[in-house]
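In my numbering, the protein residues as written are 50 to 662.
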Amino acid sequence: MCGIVGYVGPQDAVPLLVDGLKRLEYRGYDSGGIALHTSEGIVFRKCVGRLTELERDLDARPVTGRPGIGHTRWATHGEPSVRNSHPHLDGSGRIAVVHNGIIENDQELREQLQAQGHTFLSETDTEVIPHLIEQALKDGAASPEAAIAQALKQARGAYALGILFADQPDTVYAARLGSPLIVGLGADAHFIASDVPAIVHHIDQVIYLNDGEMAVLQPDGVRILDLDGQALTPEVKPVDLAPEAAEMAGFETFMLKEIHEQPRVLRGLLEKHTHKKGHVDLTDLGLSADYLQQLRRIMIVSCGTAYHAAMYGKFLLEHVTGLAVETDLGSEFRYRSPRIEQDTLFVAVSQSGETADTLASLRLARERHCRVLSICNAPGSSLVRESDAVLFTEAGPEIGVASTKAYTAQLMAFALLSMAMGRARGEITSEQEQAWIKALEQVPNAIHYMIERADHIRAIADKHHDGPSALYLGRRFNYPTALEGALKNKEISYQHAEGYAAGEMKHGPIALINEYLPVICICTKTTDEVYEKMVSNMREVEARHGRIIAIATDGDTHVQAFAEDIIYVPPMCEEFSPLVNVVALQLLAYYAAQARGTDIDKPRNLAKSVTVE
Ligand code: F6R
């Protein structure tokens, strides 16, 4: 949830740390800080609020130094305050630590350290780490590495750490367990960071640290060791991310840029897996025909937006493969007694690959001997490393906190997976598969047309944004679209919004409908059955004077009779209509948020990567 960056090299660390932190601010943004080696020992600067506050402080009280570590925080233990923001120091002020994760036994460790005479200044769990290291050195640890290892062997929970010692003026130490951390290698400098985009401009190669590993970064090289001090040979990978991918490229926000990237992302993903004309090729996933024949069940687990993608995946996989498919939220699944066995394929869906509840669910599935397939956007993430196979969504870095392109890429991944599995199980014919691929090929252009209608969508958002609430209704494949539209709206515009299965409306939410409530109805013309039912639901809303905003197919004049506003979308078969319809809802939420003056890329209280329970 927090972001970490560290630098070892010949330049002043301050601008490099601040730039890296700004690129990580999407991970957490209620406070921040840096610590540096200077001629006067370790000096730090901290602030509450956005990093602009830190920059202001650095302008008022300039400092230079190297190496350095920095942190942007999303509070878990203790309110956002200067006292609670990182870096945290030991009692002597000679060890500085930045931390992402949670130390679960911090209370116990704090009491133990207090009994040994340590005094704590913050309410954070992190502060025990520099004190444990200090104590290990007092107890005779032979080196900083040994002291860190001794400290970490006592800590339970998750951490990605950057550590500076006043007595080691050319070294940054790092360690990882359960929270993401990479080491970036540049020409004459080395970095640590929570993700690649934060430092992509400065590095050519990357090491994804594994759990239980420590890194020692010095100007002339990087060593990786385990907590027993054994040297390890890391896998060094080239950086395959263009620096522009982490830039705003002239858009006013990352979210708008990412909405616009969807046609390219989806086209790329589709082309990658359909290069054999007319067939989806997912051979890399190792889902052989024999395996698929003995498969009885699919269990899909994820959180938030990725859960909506999973719901779509369930509808489509059931429709196309004939298998029983279940979905659950990571935070619920991990506390159930799920009936999953070897004949269940467990599918984890996650943009970041670091979501704590999704990861814990995956581990539970592994204990039950299920095969694990992940649909993920982050190479090198924990989810990827712990899965048997991965279908990458290849959306590129998603920096806006509200997920857009990663979501539609997850839907595309499920469309491809369903077709590959359906054909291998003999549930769909080659002709059907070819027809669906043709339909999917229309999706990028259809999204493009949607985006061209942005001005019209903005006008509708301007008209409806100021009410206290909004209701989103959809059916079948577009029921998850309704949930996702409502989530987008509430997370970035802060307008309360609820997504509902349209047929369920009369069982409760109909009571909310009055002449003020915007009701966004997804009624694209697909199968007659669903369309007609949706029209009946809209009539029910109309009868209670709700203000209907219809998402309707181009040329559908019928809805004009009862919708106050209409967002037309290009025609698309029902199975793949969610990939296009959701873009209308992303834009509607975007412009509502803009009209309400919120911070769209960094909505309040949210973090991009939820690495705590
Ligand atoms: C909403 C959003 C979140 C994430 C959720 C899971 O726009 O982005 O709801 O979808 O936190 O995150 P990942 O996909 O990284 O597991």
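Glycine is no exception: its CB is placed at the ideal position from the N, C-alpha and C atoms.
Could you name the residues of the same chain whose beta carbon sits closer than 7 angstroms to that of residue i, not counting the 5 residues immediately before and after it, in chain order?
i    : result
E553 : none
D260 : R225, L226 and G227
S171 : G127, R132, N133 and H137
C572 : Y580, M583, V584, M587, A599, I600, A601 and V608
L344 : L372, D392 and L394
H545 : P517, S518 and K539
R417 : I389 and E390
Could you check whether residue j and residue i sit closer than 8 angstroms to each other, using their CB atoms as the reference points?
i    : j    : result
R143 : A215 : yes
C622 : A488 : yes
L341 : A473 : yes
D605 : K574 : yes
P529 : H324 : no
G429 : Y257 : yes
G270 : E194 : no
I569 : E589 : no
G114 : G69  : no
I178 : A200 : yes
A638 : N527 : no
D219 : P268 : yes
A247 : L73  : yes
V350 : F300 : no
V249 : A198 : no
L334 : L440 : yes
E89  : D139 : no
A223 : I241 : yes
Q254 : V221 : no
S401 : K657 : yes
I562 : H309 : no
G389 : C419 : First, the residue type needs correcting, since residue 389 is Ile and not Gly in the sequence shown. Result yes, Cβ atoms of I389 and C419 sit closer than 8 angstroms.
T125 : V661 : yes
V492 : F625 : yes
P387 : M348 : yes
Less than 8 angstroms between the CB atoms is what I'm expecting for residue i and residue j, so what's the real figure, rounded?
i    : j    : result
G516 : A535 : Not quite, the Cβ-Cβ distance comes to about 14 angstroms (not below 8 angstroms), so this is no contact.
G327 : Q483 : 4 angstroms
L103 : V67  : 7 angstroms
G58  : R76  : That belief does not hold up - the Cβ atoms of G58 and R76 are roughly 23 angstroms apart, past 8 angstroms.
P116 : S80  : About 22 angstroms separates the two Cβ atoms, so there is no contact after all.
I509 : I616 : 7 angstroms
A355 : V421 : So it is not a contact: roughly 15 angstroms between Cβ atoms.
A644 : D511 : 5 angstroms
Y498 : P619 : 5 angstroms
L181 : L158 : 7 angstroms
L522 : L566 : No, L522 and L566 are not in contact; Cβ-Cβ is about 12 angstroms, not under 8 angstroms.
T453 : E307 : 5 angstroms
Y56  : K651 : So it is not a contact: roughly 24 angstroms between Cβ atoms.
Kindly list the residues whose CB is nearer than 8 angstroms to the CB of residue i, restricted to its own chain and excluding five residues on each side of it in sequence; keep chain order.
i    : result
I496 : Q311, P312, L315, T457, L628, V629 and V632
T647 : I541, S542, Y543 and R653
E443 : V314, G317, L318, K321, N426 and A458
N494 : P312 and P619
Q60  : R115 and A238
M468 : V329, V369, I477, E482, W485 and I486
M297 : F303 and K306
Can you give me the Cβ contacts of residue i inside the same chain, cut-off strictly under 6 angstroms, excluding the 5 residues immediately before and after it?
i    : result
D330 : H322
I649 : T302, M304, I541 and A642
L636 : A503 and I506
F364 : F526
D155 : D174 and V177
D106 : R94 and C96
I273 : E262, A264, L281 and P283
L85  : A62, V92, G114 and G117
D244 : none
Is it a yes or a no for the region 402-410 touching the region 450-470, going by three-plus beta-carbon pairs under 8 angstroms? Judged by Cβ distances under 8 angstroms, the region 402-410 makes no contact with the region 450-470, as fewer than three pairs qualify.
Who sits around the ligand F6R, taking every residue whose Cβ is closer than 5 angstroms to one of its heavy atoms? Output, sorted by chain position: C352, G353, T354, A355, S399, Q400, S401, T404, A451, S452 and V659.
Three CB pairs or more closer than 8 angstroms across the region 149-159 and the region 89-102: No, the region 149-159 does not touch the region 89-102.
So, does the region 439-455 touch the region 376-384, judging by three or more C-beta pairs under 8 angstroms? The answer is no - the region 376-384 does not touch the region 439-455, with fewer than three Cβ pairs under 8 angstroms.
How about the region 362-372 and the region 501-518: do they share at least three Cβ pairs that are nearer than 8 angstroms? No: the two stretches stay apart, fewer than three of their Cβ pairs being nearer than 8 angstroms.
Quick one: any contact between the region 257-274 and the region 228-241, if contact means 3 or more CB pairs under 8 angstroms? The region 257-274 makes contact with the region 228-241: 3 or more CB pairs, one atom from each, lie closer than 8 angstroms.
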